[in-house]
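Peer 1:
There are 2 protein chains.
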Amino acid sequence: MYERKIPPSLNCGLDLIGEVLYGKWKIRLLWFINEGNKRPSELQRKIPDASRRVLNIQLNELQEHELITKVIYPVVPPRVEYSLTEFGKSLIPVIAALGQWGDEHQERLRSVILERLEQVTGQ
Amino acid sequence: MYERKIPPSLNCGLDLIGEVLYGKWKIRLLWFINEGNKRPSELQRKIPDASRRVLNIQLNELQEHELITKVIYPVVPPRVEYSLTEFGKSLIPVIAALGQWGDEHQERLRSVILERLEQVTGQ
DNA sequence: ACAATATGGGAAAAATTTGTCCCTATGCAA
DNA sequence: TTGCATAGGGACAAATTTTTCCCATATTGT
Numbered sequence: 011m012y013e014r015k016i017p018p019s020l021n022c023g024l025d026l027i028g029e030v031l032y033g034k035w036k037i038r039l040l041w042f043i044n045e046g047n048k049r050p051s052e053l054q055r056k057i058p059d060a061s062r063r064v065l066n067i068q069l070n071e072l073q074e075h076e077l078i079t080k081v082i083y084p085v086v087p088p089r090v091e092y093s094l095t096e097f098g099k100s101l102i103p104v105i106a107a108l109g110q111w112g113d114e115h116q117e118r119l120r121s122v123i124l125e126r127l128e129q130v131t132g133q
Numbered sequence: 011m012y013e014r015k016i017p018p019s020l021n022c023g024l025d026l027i028g029e030v031l032y033g034k035w036k037i038r039l040l041w042f043i044n045e046g047n048k049r050p051s052e053l054q055r056k057i058p059d060a061s062r063r064v065l066n067i068q069l070n071e072l073q074e075h076e077l078i079t080k081v082i083y084p085v086v087p088p089r090v091e092y093s094l095t096e097f098g099k100s101l102i103p104v105i106a107a108l109g110q111w112g113d114e115h116q117e118r119l120r121s122v123i124l125e126r127l128e129q130v131t132g133q
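Chains as they are written, first to last, in my numbering: chain A, 11 to 133; chain B, 11 to 133.
1) Taking C-beta to C-beta, are B/A107 and A/A106 nearer than 7 Å?
2) So which residues on chain A does B/Q110 lean against when the C-beta distance must stay under 9 Å?
3) Could you tell me which chain B residues have their CB closer than 8 Å to the CB of A/L101, listed as they occur along the chain?
4) Can you tell which of A/F42, A/E45, A/C22, A/W41 has the C-alpha that lies nearest to the C-alpha of B/W35?
5) Return helix, strand or coil for B/K48, following the three-state DSSP convention.
6) Buried or exposed: which applies to A/E114, given that a residue is buried once 16 or more other Cβ atoms fall within 10 Å of its Cβ?
7) Kindly indicate which three-state DSSP category B/I57 falls into: helix, strand or coil?
8) Please report the straight-line C-alpha distance between A/V81 and B/P50, rounded to a whole angstrom.
9) Find the residues of chain A that neighbour B/R55, judging by a C-beta separation of less than 7 Å, and give them in chain order.
10) Thinking just about the alpha-carbon of each residue, which of B/D25, B/W41, B/M11, B/L20 is nearest to the one in B/V104?
11) With A/L24 as the anchor, note down where its alpha helix (DSSP H) starts and where it stops.
12) Any beta-carbon of chain A closer than 7 Å to the one on B/I43?
13) Mark B/L69 as exposed unless 16 or more other C-beta atoms lie within 10 angstroms of its C-beta, in which case mark it buried.
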């Protein structure tokens, strides 16, 4: 496991929530788990752009931050299910707000993001 | 400027908003600008943990994503002011929701974050 | 015997982000 | 003349995150 060298800022609410949500796929993991996709393989299918490895790592972190719980069924092949804790559930409305804003502004967002990418890439 | 090698995922609203808000200090920059801290030096004082350089880089990105505008006054020493665009202002309620959740759960967040840090660091 | 399934972790590489250091510019004050 | 304030960018180093590759488990189906 990577060991931080620079301590995080934990001053205000924004710092704190940032600390637990910062991670490329964490918000989507919470979202999909909330939608009922409990098994790792389901989540991997939902988020094909992420590697299996990072999803595991980020799921572990979410668990350590007590936003999700993990149940391992002692069967073969293994079966694992993640669920939101109450703490995690309380985050859902906030994530919904993020997603809604993103949906409402889809076209403009796609446009500004792609324009910037072209500038940086040089077309 | 760094040139991405892996294209971003732009499937849903969460991907899109992630693309413009992902950056260690961007949310706080938007927040403080909204509070009326318009000048770079003010923002740097508000966010002392960030280096001057990254703040500039992230301000540039926010501008390219049309969330803020920049006005340069031709005076010496230079004077620069950032402001939210209408697009940027529409994000404020969402950021407020994030901050509010973080504030409401301050203690628990601090506790789970620090516990995890100790585990990783080995105390 | 061998492949497929489902889950997960170690090690190392690659990608990306953030930080450090230094240089530029121009008036004003000491 | 030296130093401060204000703003910003290049070059490179360091930190951090994400990806790739490979190994392990134990049962079921071919």
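Cβ coordinates follow ideal geometry from the N, Cα and C atoms, glycine included. Predicted model only: the values in this text are computed from it and were never measured.
Peer 2: Reading it off the structure:
1) no
2) G23, V104
3) W111
4) A/C22
5) coil
6) exposed
7) coil
8) 48 Å
9) Here the premise fails: no neighbours, minimum Cβ distance about 13 Å.
10) B/W41
11) 23-31
12) no
13) buried
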